[in-house]
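Taken in order, the sequence shown gives residues -16 to -1, 1 to 342; the numbers are from mature numbering (1 follows the signal peptide of the UniProt record, and there is no 0). All residues carry an ideal CB built from backbone N, CA and C; glycine is no exception. Quick notes on the structure that follows.
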Amino acid sequence: MFSLLPIITLFFPCHSTTIAAAFSPSRHHYHHHHSVSQITKYTTTPITKTPTKSPQPLQMGFLDDLLKDAFSNDPNLSRNGVDGAIDQGGDDDDEWSLNINTNTPKTKVQRRWLESQQSKPQQTQQPSLSKLGAPLSSPLLTNTQWKLSLYLTGVPDNDPSSDLYGSRTNVSLRDRKLGLGVNLPEEATGSVLLRLQDGGTVTIVTSWFGRRNADDGDDDADATSIGNEEEESNMICPPDISGQWKLSDDGRMLRIGIPIRGYKRTVTTRGTIQKIYWSSQEESTTQTSTTYSIPEGMIYGDVTVGYGEAGRLCMLEERGEGGGVLPGGLLRVEKKMGVLGASSKMVPCGRFSGKIMD
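Here is the structure:
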């Protein structure tokens, strides 16, 4: 038996060392051929660490140079606040003058617009009723008498959008609280004189369709004398049926339920169907009609109430889209819907305005 002394070389990152190791064969190896393990050499590259820099603190005010002159005054303006004002100088300052009667030439459209504005009558601006005074209470409204002007539009019996022709409507100026295609009548459909009684009941004094032939001066007359002159057949509200009224908790909104007779109106629209250009037939004119109706029963009106001028009770008037004045009260009626009228819904059927009677 003999021993083999191999030489093992170990490589380290910084230096190399040679180590001699003696191996003795095992007692189980009796063969003459002995295997020698091979040593694999690995070379490791030295790792160099770069020192990291600490983050720099946030520099505040880095936009001061850009914004320091953004809000500064014009150096050409006078330090005197009166002399440096924009509106100083009067009409002699052509740059800021708003006088429309200048000698600058105007286009044809501008001249036509100025002529239309000058031809309109000067309307006196009335105080806005959008913000009334202190809220009301039920004792204040009890035993008060009101005249209501009803502007009825009705509820369409079928969908107006399914008609061949629809009524012409300005989408920008239409009343959005009413249905699409519904136009509010210019004059009141009817008027009713009523009294708010104690316990939330409404007594119909008198009512009539359309405008009265007499002047509007009889609005302040006694309700009894007016009622005796009217015939029951010409009344829009039956006098023998009582209504209801209720004031909201905040004292701003008044709801009035009044009985009304059946109301129906028919809106007819006409249109022309043009033939194709190779046809020899003449153009045909067709028409469609839609029925708007209110069933006989109760209609309900909601309106904002409050104190007006000189402590007078009044009802709110709304401002329309085009700048006009609309009646402030909205009328609704209960409409049966679904199979066999299983459900109901309150739908708008017009507007109304109110005036307290002395």
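| query | Should W97 go down as buried or exposed, given a rule of 16 or more other Cβ atoms within 10 Å for buried? | reply | As a position in the sequence shown, residue 97 is number 113, starting the count at 1. Around the C-beta of W97, fewer than 16 other C-beta atoms lie within 10 Å, and the residue is accordingly described as exposed.
| query | So, helix, strand or coil for P123, using DSSP? | reply | Residue numbering aside, residue 123 sits at position 139 when the sequence shown is read from its first letter. If DSSP states are grouped into helix, strand and coil, P123 belongs with the helices.
| Can you give the Cα-Cα distance for V331 and P123, rounded to whole angstroms? | Counted from its first residue, the sequence shown places residue 331 at position 347. Counted from its first residue, the sequence shown places residue 123 at position 139. If I take the Cα positions, the gap works out to 30 Å.
| request: Determine, using beta carbons only, whether S277 and V139 come nearer to each other than 8 Å. | output: Position 293 of the sequence shown holds residue 277. Position 155 of the sequence shown holds residue 139. Annotated as proximal: S277 and V139, with beta-carbon spacing under 8 Å.
| query | Who pairs with S191 in a beta bridge, going by DSSP? | reply | Locating residue 191 in the sequence shown gives position 207, where the first residue counts as 1. The partner list for S191 (beta bridge, DSSP) reads V176.
| Out of curiosity, what's the CA-to-CA distance linking V186 and K230? | The count along the sequence shown starts at 1 and reaches residue 186 at position 202. The count along the sequence shown starts at 1 and reaches residue 230 at position 246. Using only the alpha carbons, I get a separation of about 10 Å.
| query | What's the C-alpha gap between D234 and E318? | reply | Residue 234 sits at position 250 when you count from the first residue of the sequence shown. Residue 318 sits at position 334 when you count from the first residue of the sequence shown. If you draw a straight line from the Cα of D234 to the Cα of E318, it comes to about 25 Å.
| query | Among the residues of its own chain, which have a CB less than 8 Å from the CB of K329, if the five just before and after it don't count? | reply | What you label residue 329 is simply residue 345 of the sequence shown in a count that begins at 1. These residues qualify, in order along the chain: E318, K319 and M321.
| said: Could you compute how far the alpha carbon of D159 sits from the alpha carbon of L51? | reply: To locate residue 159, count along the sequence shown from 1; it is residue 175. To locate residue 51, count along the sequence shown from 1; it is residue 67. Straight-line Cα distance between these residues: approximately 49 Å.
| said: Quick check on the burial criterion: 16 or more other C-beta atoms within 10 angstroms. Buried or exposed for K131? | reply: Within the sequence shown, residue 131 is the residue found at index 147, counting from 1. Buried, since its Cβ has 16 or more Cβ neighbours within 10 Å.
| Is the CB-CB distance between E301 and G290 below 8 Å? | On the sequence shown, position 317 is the one that residue 301 refers to. On the sequence shown, position 306 is the one that residue 290 refers to. Against a cut-off of 8 Å, the Cβ pair of G290 and E301 comes out as no contact.
| message | I need the DSSP call for V287, collapsed to helix, strand or coil. | response | What you label residue 287 is simply residue 303 of the sequence shown in a count that begins at 1. Three-state result, V287: strand.
| query | Would a C-beta distance cut-off of 8 Å place Q228 and G184 closer than the cut-off? | reply | Counted from its first residue, the sequence shown places residue 228 at position 244. Counted from its first residue, the sequence shown places residue 184 at position 200. Yes, they are a contact pair.
| Check whether R335 and L310 have beta carbons under 8 Å apart | Within the sequence shown, numbered from 1, the residue matching residue 335 stands at position 351. Within the sequence shown, numbered from 1, the residue matching residue 310 stands at position 326. A contact, by the Cβ cut-off of 8 Å.
| message | Just to confirm, is the Cβ distance from G285 to I240 under 8 Å? | response | Along the sequence shown, read from residue 1 onward, the residue named residue 285 stands at position 301. Along the sequence shown, read from residue 1 onward, the residue named residue 240 stands at position 256. For G285 and I240, yes; Cβs fall inside 8 Å.
| message | For a test of the three-state rule: what should DSSP assign to E171, helix, strand or coil? | response | Within the sequence shown, the letter at position 187 stands for residue 171. Here DSSP, grouped into helix, strand and coil, assigns E171 to coil.
| field | Among Q181, V93 and L162, the one whose alpha carbon lies nearest that of N127 | value | Residue numbering aside, residue 127 sits at position 143 when the sequence shown is read from its first letter. Checking every option, the nearest Cα to that of N127 belongs to Q181.
| 6 Å Cβ shell around P222 - same chain, five flanking residues per side excluded | Counting from one through the sequence shown, the residue named residue 222 turns up at place 238. P243.
| Nearest to T253 (by Cα), restricted to the options Y247, S273, L136 and P119 | Reading the sequence shown from its first residue, position 269 is the one you call residue 253. For T253, the nearest C-alpha among the options comes from S273.
| Whose CA, out of S327, A326 and G292, lies closest to the CA of G338? | For this step, residue 338 is matched to residue 354 along the sequence shown. Looking at the Cα atoms, G292 is the closest of the given residues.
| task | For L47, count neighbouring Cβ atoms within 10 angstroms of its own Cβ and tell me buried if that reaches 16, exposed if not. | result | Taking the sequence shown and counting its residues from 1, the one referred to as residue 47 is at position 63. Around the C-beta of L47, fewer than 16 other C-beta atoms lie within 10 Å, and the residue is accordingly described as exposed.
| field | Own chain residues within Cβ distance below 7 Å of P169, not counting five before or after | value | For the purposes of this step, residue 169 is taken as the residue at position 185 of the sequence shown. Its chain contains Y135 as the residues whose beta carbon lies nearer than 7 Å to that of P169, once the 5 sequence neighbours on both sides are disregarded; these appear in chain order.
| said: Quick check on DSSP: helix, strand or coil for V166? | reply: Taking the first residue of the sequence shown as 1, we reach residue 166 at position 182. Looking at V166 - three-state DSSP - the assignment turns out to be coil, as it is neither helix nor strand.
| said: Let me make sure I understand the geometry here. Which of D143, N218 and P279 has the alpha-carbon closest to that of G174? | reply: Your numbering for residue 174 matches position 190 in the sequence shown. It is N218 whose Cα lies nearest to the Cα of G174.
| request: Taking the CB atoms as reference points, tell me whether C333 and T190 lie closer together than 8 Å. | output: Here residue 333 is taken as the residue at index 349 of the sequence shown, counted from 1. Here residue 190 is taken as the residue at index 206 of the sequence shown, counted from 1. In this structure, C333 lies away from T190, with their beta-carbon atoms at least 8 Å apart.
| To which residues does DSSP link E301 through a beta bridge? | What you label residue 301 is simply residue 317 of the sequence shown in a count that begins at 1. E301 is bridged to P311.
| query | Going along the chain, which residues of its own chain have a beta-carbon closer than 7 Å to the beta-carbon of S121, five neighbours each way excluded? | reply | As a position in the sequence shown, residue 121 is number 137, starting the count at 1. Result list for S121: G235, in chain order.
| Under the DSSP definition of a beta bridge, which residues are partnered with M330? | Within the sequence shown, the letter at position 346 stands for residue 330. Note: M330 is bridge-paired with E318 in the DSSP secondary-structure output.
| Inter-residue spacing [alpha-carbon to alpha-carbon] between L177 and Y247 | Start at 1 with the first residue of the sequence shown, and residue 177 comes out as number 193. Start at 1 with the first residue of the sequence shown, and residue 247 comes out as number 263. If you draw a straight line from the Cα of L177 to the Cα of Y247, it comes to about 18 Å.
| message | When you compare the CB positions of I283 and R245, do they come within less than 8 Å of one another, or not? | response | By one-based count along the sequence shown, residue 283 stands at place 299. By one-based count along the sequence shown, residue 245 stands at place 261. Their beta carbons are not under 8 Å apart, which means I283 does not touch R245 by this criterion.
| Status (buried if at least 16 other CB within 10 Å, exposed otherwise) for T288 | If you number the sequence shown from 1, residue 288 lands on position 304. It is buried - the Cβ of T288 has at least 16 other Cβ atoms within 10 Å.
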